[in-house]
Amino acid sequence: MAVARALFLLPLLAVDLSHALAPPRPTRSATARPAISPPALLPRRAATHAAIASLIAPLAAHASGGATAGRTTSIPRAKLRYSGRLTAAVKAFLVLKASIGTDEQKKAGKAFFSDAEDSAYSELKTAGYLLAVAFKIDAKVPPDKLETVKAFKKLMKDLEELKKGMDGKPADAEKAFGKASESLNLYLEGVELPLLDDSSYSPA
C-alpha cells in the first residue's frame, strides 16, 4: 500500500517541483508586482525535495527487504535474551566430560538430559533454536535453510547419541561427547557466541 501511494504521488510532486523552479511570469497589470526573488523560492523547493525523498526512501527499503535493519536489531536482542541461558547449558555440557568413566556417569547424563524445563538439554533445545532462528534476515528464506538452524539440528542429533552413550560404556560416551563437542562448537560459532574453550564457560 505504501509503495502504490508513493508511485502515485511522485508525478504530482514532480509537477509541483517544476512549478517551483520556473521563473515568475511577467504580468500586464498597470501596477507591477515585485518579482519573486530566488531566496523566496528556496523554502518551497526544499519542501518539495524533502517530500520526494520521503517517498523514495520507503521504496528503497522495500526493495532491499530491510535486511540490514533486521540484522542490526533482532540478532543483538536475541543474543542478549538467550546467551545467559545457553552459557549455563554449555557449562553443564562440559561437566559431563569429567563424569565419563566414573560412577557418576549415568547420574550426570540423566541430570543433563532431564525433561525438566530448566535442564541443560531443554535450554539447548528451546533457547538454542530461538537464537538460531533469530539470524533469519530475509523473510523469503525458510528457517530450515538457515545455516544456524542446520547447525542446531546437527547438534540435537549428536546430543541424542550422547544421551545413549552416557547410559552405556565409557568408550561410547567418550566418542559421543567428542562428536557433540564439534557440533556444539559449530553452532556456537554460527550464532556468534564463544566456543567451548572460552573462559566464560569456566566453573565459577
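When we follow my numbering, the leftmost residue of the sequence shown carries the number 4, and every step to the right adds one. Backbone N, C-alpha and C define an ideal beta-carbon position, used for all residues, glycine too. What you are looking at is a predicted structure, and each value in this text was computed from that prediction instead of being measured.
Through-space distance from residue j to residue i, alpha-carbon basis
i: Pro-180; j: Glu-120; result: Sequence inspection shows Phe at residue 180; the Pro mentioned does not correspond to that position. Looking at the two C-alpha atoms, the distance is approximately 22 angstroms.
i: Lys-160; j: Lys-128; result: 11 angstroms
i: Asp-170; j: Lys-109; result: 5 angstroms
i: Val-93; j: Ala-123; result: 8 angstroms
i: Leu-149; j: Lys-156; result: 11 angstroms
i: Glu-164; j: Ala-176; result: 9 angstroms
i: Asn-188; j: Tyr-85; result: 17 angstroms
i: Asp-141; j: Asp-147; result: 13 angstroms
Exposure of residue i, with buried meaning 16 or more beta-carbon neighbours within 10 Å
i: Ser-102; result: buried
i: Glu-126; result: buried
i: Val-152; result: buried
i: Arg-80; result: exposed
i: Ser-186; result: buried
i: Val-194; result: buried
i: Thr-71; result: Only weak support exists for where Thr-71 lies, its pLDDT of 44 falling under 50; the coordinates are left without a value.
i: Gly-87; result: exposed
i: Lys-259; result: Here the chain covers residues 4 to 207 and nothing more, so residue 259 does not appear.
i: Ala-168; result: Note that residue 168 is Gly in the sequence shown, not Ala. The residue is buried, with at least 16 neighbouring Cβ atoms inside 10 Å.
Option in the options with minimal Cα separation from residue i
i: Leu-83; options: Pro-206, Ser-205, Leu-196, Asp-200; result: Leu-196
i: Ser-184; options: Leu-198, Gly-193, Ala-174, Asp-175; result: Leu-198
i: Ile-78; options: Leu-187, Leu-133, Pro-145, Lys-113; result: Leu-133
i: Glu-192; options: Ala-135, Lys-143, Val-144; result: Ala-135
i: Thr-273; options: Lys-172, Ser-205, Tyr-204, Ser-202; result: Outside the shown range of the chain, which is 4 to 207, sits residue 273, and nothing can be said about it.
For residue j and residue i, believed in contact at Cβ under 8 angstroms, the rounded distance
i: Ala-137; j: Tyr-190; result: Not a contact, Cβ separation roughly 13 angstroms.
i: Gly-112; j: Lys-166; result: 7 angstroms
i: Phe-116; j: Ala-95; result: That pair is no contact at about 10 angstroms.
i: Thr-90; j: Ser-205; result: That pair is no contact at about 11 angstroms.
Evaluate the contact criterion for the segment 89-103 versus the segment 174-189: three or more CB pairs, one atom per stretch, below 8 angstroms. Enough Cβ pairs lie closer than 8 angstroms, so yes.
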